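Participant: Using our numbering, you'd call the opening residue of the sequence shown number -9 and step up by one each time. All C-beta atoms in this analysis are idealised placements derived from N, C-alpha and C, irrespective of residue type, glycine included. As the structure is a prediction and not an experimental result, all values here were calculated from the model.
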Amino acid sequence: MKIIFIGGVKFSYEILKTILENNWNISVVFSYDDSKKEKISDFISLDELCSKYNLQNIKVDKINAQNNIEIIKKIEPDIILVMGWSQLLNSEIISIPKIGVIGSHPTELPKYRGRAPIPWSILKGLKTSALTFFFIEEGTDNGDILDQRSFKLSSNDDATSVYKKVESVGKEMIQDNLTKLQNGNYTRKKQDVSNFIENWEKRGPQDGIIDWSRNSQEIHTLIRATTHPYPGAYTIFNGSKLIIWGAEFSNEQSKGIGKIMHVNNFNVKIGTGKGVIILKRISFNDNKEVPISKIFTKDNVDSILG
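#1: For the region 228 to 235 against the region 126 to 144, are there 3 or more C-beta pairs whose distance is under 8 Å?
#2: Which residue or residues does DSSP assign as beta-bridge partners of VAL(-1)?
#3: Short check: CB of LEU121 to CB of ILE92, under 8 Å?
#4: Quick check: what's the CA-CA separation for ASN189 versus TYR43?
#5: Between THR8, SER17 and ILE48, which lies nearest to ASP23 when the distance is taken from Cα to Cα?
#6: Tell me, to the nearest whole angstrom, how far the beta carbon of ILE272 is from that of VAL266; I am working on the premise that it is less than 8 Å.
#7: May I have the straight-line CA-CA distance separating ASP137 from LYS259, to the nearest angstrom?
#8: In three-state terms, what does DSSP make of ILE187?
#9: State buried or exposed for ALA223, treating a residue as buried only when at least 16 other CB atoms are found within 10 Å of its CB.
#10: Do the region 245 to 253 and the region 205 to 221 touch if we need at least three Cβ pairs shorter than 8 Å?
#11: Tell me which residue opens and which closes the beta strand (DSSP E) that SER273 is part of.
#12: If we count the other Cβ atoms within 10 Å of its Cβ and call it buried at 16 or more, is ALA55 buried or exposed?
#13: Anyone know if the C-beta pair for TRP75 and GLY(-2) falls short of 8 Å?
#14: How many whole angstroms separate the CB atoms of ILE69 and ILE9, which I take to be in contact at a CB cut-off of 8 Å?
#15: Measuring straight from C-alpha to C-alpha, what distance separates HIS95 and GLU162?
#16: At a cut of 8 Å, does the region 16 to 32 reach the region -2 to 7 through at least three beta carbon pairs?
#17: Which word fits THR169, buried or exposed, when buried means at least 16 other C-beta atoms lie within 10 angstroms of its C-beta?
#18: Give a yes or no on whether the C-beta atoms belonging to ILE53 and GLU82 are separated by under 8 Å.
#19: Buried or exposed: which applies to ILE164, given that a residue is buried once 16 or more other Cβ atoms fall within 10 Å of its Cβ?
#20: Which two residues bound the contiguous beta strand (DSSP E) that contains ARG214?
#21: I need the straight-line Cα distance from PHE124 to ASN80, nearest angstrom please.
#22: Using the three-state DSSP reduction, which class does GLN138 fall into: helix, strand or coil?
#23: Run through the DSSP bridge pairs and tell me what PHE20 is partnered with.
#24: Please classify GLY104: does DSSP put it in a helix, a strand, or coil?
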């Protein structure tokens, strides 16, 4: 079975690694051009992995470019796997593989479609989510379902932990479904559009700005939804960008919106519209995470964030 792999994010790496470790043959890999690194928060290079397995890794700016289409046509693939790729494939590519183009989407299709599914799942307070493998057709996330496996979400989950759950489920699913596709004993299930709930919009770094007038639980949810591998929730402190990667919240009485109430070496208490946010993990000016004590001192008490 001839397989072409398309991907360029952390999830892609884990799925491709699982495929190769289980001795499936990949004809060629298409991944993002390195220029995409600054624009895609969970970008990862597949160079090292492809080199280890002597795979051709074609880095592209636009997957639908004619030269890429010609390469795909010459290979005459049975399937194309699109595992972690934001660009929609055009009809010409979709029509090439004998079996089809298989995409992945970390929600319970057809309930939730669109962009930034992991952050939105947390922001919406979902109790369960799923990873869906589906046959890509023209449109967004609307093809027949090949496989779908659910997992639980808790109030303790953040983007990092949910991403890991998606990777774990994906590794199991890719092994099972490649075997079914090769043997021809797979099924295609039409999406029941009556179950559609909403289409999620694209999110960018600007969507992570903290409004300290919101209550502490809402702010905490934003922090959980936007932590690694995403750009992070942020505020302004001393004229610079303060990114909050981890925090807790309490119903303690706020002493002012965005007001620094308490500082020690390990955490900072910030007042909100209702309750308190306790900063645990931070970075400053888009640099690496640093200890609280590197940024805050007791002299900062009563200062205002935002």
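Facilitator: If we stick to the structure as given:
#1: In the pairwise beta carbon analysis, the region 228 to 235 is classified as not touching the region 126 to 144: fewer than three pairs are separated by under 8 Å.
#2: Within the sequence shown, residue -1 is the residue found at index 9, counting from 1. According to DSSP, residue pairing for VAL(-1) in a beta bridge involves PHE33.
#3: For the purposes of this step, residue 121 is taken as residue 131 along the sequence shown, with counting starting at 1. For the purposes of this step, residue 92 is taken as residue 102 along the sequence shown, with counting starting at 1. No, the Cβ-Cβ distance between LEU121 and ILE92 is not below 8 Å.
#4: Translated into the one-based positions of the sequence shown, residue 189 becomes position 199. Translated into the one-based positions of the sequence shown, residue 43 becomes position 53. Between ASN189 and TYR43, the C-alpha separation is close to 38 Å.
#5: Here residue 23 refers to the residue found at position 33 of the sequence shown. Comparing Cα positions, the closest option is ILE48.
#6: As a first step, residue 272 must be located in the sequence shown, where it is residue number 282. As a first step, residue 266 must be located in the sequence shown, where it is residue number 276. Not quite, the Cβ-Cβ distance comes to about 16 Å (not below 8 Å), so this is no contact.
#7: By one-based count along the sequence shown, residue 137 stands at place 147. By one-based count along the sequence shown, residue 259 stands at place 269. CA-CA distance, ASP137 to LYS259, rounds to 45 Å.
#8: The residue labelled residue 187 in the question sits at position 197 within the sequence shown. ILE187: coil per DSSP, three-state reduction.
#9: Here the question's residue 223 lines up with position 233 in the sequence shown. When all chains shown are included, ALA223 counts as buried.
#10: The way I'd put it, the region 245 to 253 doesn't touch the region 205 to 221; fewer than three beta-carbon pairs between them come closer than 8 Å.
#11: Locating residue 273 in the sequence shown gives position 283, where the first residue counts as 1. Membership of SER273 in the beta strand (DSSP E) is indicated by the continuous run 266 to 274.
#12: For this step, residue 55 is matched to residue 65 along the sequence shown. Around the Cβ of ALA55, a 10 Å sphere holds fewer than 16 other Cβ atoms; the residue is exposed.
#13: To locate residue 75, count along the sequence shown from 1; it is residue 85. To locate residue -2, count along the sequence shown from 1; it is residue 8. In this structure, TRP75 places its C-beta atom within 8 Å of the C-beta atom of GLY(-2).
#14: Translated into positions along the sequence shown, residue 69 becomes position 79. Translated into positions along the sequence shown, residue 9 becomes position 19. Here ILE69 is actually not in contact with ILE9; their C-beta atoms are around 11 Å apart, not less than 8 Å.
#15: Stepping through the sequence shown from its first residue, residue 95 is reached at position 105. Stepping through the sequence shown from its first residue, residue 162 is reached at position 172. Whole-angstrom Cα-Cα distance: 15 Å.
#16: Contact between the region 16 to 32 and the region -2 to 7 is present, because at least three Cβ pairs lie under 8 Å.
#17: Along the sequence shown, read from residue 1 onward, the residue named residue 169 stands at position 179. Flag for THR169 reads exposed.
#18: Within the sequence shown, numbered from 1, the residue matching residue 53 stands at position 63. Within the sequence shown, numbered from 1, the residue matching residue 82 stands at position 92. No.
#19: Here residue 164 corresponds to residue number 174 of the sequence shown, with the count starting at 1. Classified as buried, ILE164 has 16 or more neighbouring CB atoms from the shown chains inside 10 Å of its CB.
#20: The residue labelled residue 214 in the question sits at position 224 within the sequence shown. Counting along the chain, no beta strand (DSSP E) covers ARG214; the unbroken alpha helix (DSSP H) around it starts and ends at 206 to 216.
#21: Here the question's residue 124 lines up with position 134 in the sequence shown. Here the question's residue 80 lines up with position 90 in the sequence shown. C-alpha separation (whole angstroms): 16 Å.
#22: Mapped onto the sequence shown, residue 138 falls at position 148. Reduced to three states, the DSSP call for GLN138 is strand.
#23: Locating residue 20 in the sequence shown gives position 30, where the first residue counts as 1. Its beta-bridge partners are ILE(-4) and ILE48.
#24: Translated into the one-based positions of the sequence shown, residue 104 becomes position 114. In the displayed model, GLY104 falls within a strand according to three-state DSSP.
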